[in-house]
Amino acid sequence: MAAGAGRLIAFEGGEGSGKSTQAKALAETLGAELTREPGGTPLGERLRRLLLDEPSAIDPRAELMMMLAARAQHLAEVIEPALAAGRHVVVDRFAGSTLAYQGYGRGLPLAEVKSACLLASGGRQADLNVLLDLPVSAGSLRRGLKERDRIEAAGPEFHDRVRQGFLAEAEADPVHWCVLDGSLPADEVAAAVRRVVAARLGLSLARGD
Ligand SMILES: Nc1ncnc2c1ncn2[C@@H]1O[C@H](COP(=O)(O)OP(=O)(O)OP(=O)(O)O)[C@@H](O)[C@H]1O
Ligand SMILES: [Mg+2]
57 MAAGAGRLIA FEGGEGSGKS TQAKALAETL GAELTREPGG TPLGERLRRL LLDEPSAIDP
117 RAELMMMLAA RAQHLAEVIE PALAAGRHVV VDRFAGSTLA YQGYGRGLPL AEVKSACLLA
177 SGGRQADLNV LLDLPVSAGS LRRGLKERDR IEAAGPEFHD RVRQGFLAEA EADPVHWCVL
237 DGSLPADEVA AAVRRVVAAR LGLSLARGD
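Numbering (our numbering), first residue to last: 57 to 265.
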């Protein structure tokens with residue numbers, strides 16, 4: 057990869073694991089573009105609402121395709137232009153979540169989900185996936201009584217398959233994944249994120265730890 061090229065860093069993990077907190081902190085440290093999935097563009101945010109608010113069941117393949125439609129638009133409109141301009145991009149969920157939720161969680165064939173992700177992203181993959189691992193019950197407790205959307209409301213067995221799926225993907229591709237203990241205090245997680253980003257991507261960070 058060319059020196060000075062923008063890097064794509066994805067935060068992954070289950071509900072309440074600290075992704076949004078850590079994505080924001082890292083984006084500030086790096087001066088990176090901060091964005092999220094599903095969403096990140098006007099079309100993507102509309103798809104997000106459809107995906108999360110739909111009162112009736114959505115077929116798993118329909119769910120996958122809607123997620124991927126949002127991703128394709130996100131890459132075209134936000135992520136690729138930022139990377140091409142040499143900016144780093146921090147994304148709150150990316151392809152790892154598709155594999156974990158629609159693959160491991162919903163039970164769609166993993167190889168097919170992976171191919172579909174590559175089709176949607178034009179081959180773009182995150183340079184680093186930061187998995188914030190946390191037991192499902194702990195994430196649920198953190199989120200408290202906040203109303204659950206359609207995917208959050210799926211049962212604990214579903215969310216445990218998602219968690220195990222993330223861990224399996226991270227274990228299978230240690231070059232592109234790192235697993236951090238999401239149960240640590242937020243400032244300790246943030247310090248661990250900065251260390252891993254500096255070490256893996258060779259980025260010099262403003263904070264000296
Ligand atoms: N390391 C931490 N320790 C304790 N509480 C945390 C920690 N990180 C975040 N929180 C709190 O837990 C809640 C969930 O955090 P956050 O929104 O960052 O998680 P998330 O992974 O983005 O959740 P969601 O899946 O709902 O988007 C928030 O109230 C946040 O302030
Ligand atoms: Mg969040």
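The beta carbon of each residue, even a glycine, is placed where N, CA and C say it ideally should be. Given the structure is predicted, the values throughout are model-derived calculations rather than measurements.
When DSSP states are grouped into helix, strand and coil, L82 belongs to the helix group. In the structure shown, the three-state DSSP call for R92 is strand. It is roughly 9 Å from the alpha-carbon of K75 to the alpha-carbon of A66. Proximity annotation: ligand 2 has residues K75, S76 and D148 in chain order, each selected because its CB is closer than 7 Å to a heavy atom of the ligand.
Counted as a single uninterrupted DSSP element, the alpha helix (DSSP H) harbouring D109 occupies residues P98 to D109.
For E208, the shortest C-beta to heavy atom distance toward ligand 1 is below 8 Å. Taking the Cα positions, I114 is about 8 Å away from L107. A residue is called buried when at least 16 other Cβ atoms come within 10 angstroms of its Cβ; G70 meets this threshold and is buried. Its Cα nearest to that of H144, the residue L90 stands out among N185, V218, A172 and L90. In terms of side-chain proximity, the C-beta atom of Q129 is found no nearer than 8 Å to any non-hydrogen atom of ligand 1. G195 counts as buried, since no fewer than 16 other beta carbons sit within 10 angstroms of its beta carbon. The Cβ-Cβ distance between L174 and L120 does not fall below 9 Å. Taking the Cα positions, T154 is about 30 Å away from S260. Per DSSP, E208 is not a residue of any beta strand (DSSP E), being assigned neither H nor E.
Residue state for E119 is assigned as helix, using DSSP reduced to three classes.
Distance from G87 to G142 at the Cβ level is roughly 11 Å; contact not present, criterion being Cβ atoms closer than 8 Å. Sixteen is the threshold: when 16 or more other Cβ atoms of the shown chains lie within 10 Å of the Cβ of E93, as they do, the residue is buried.
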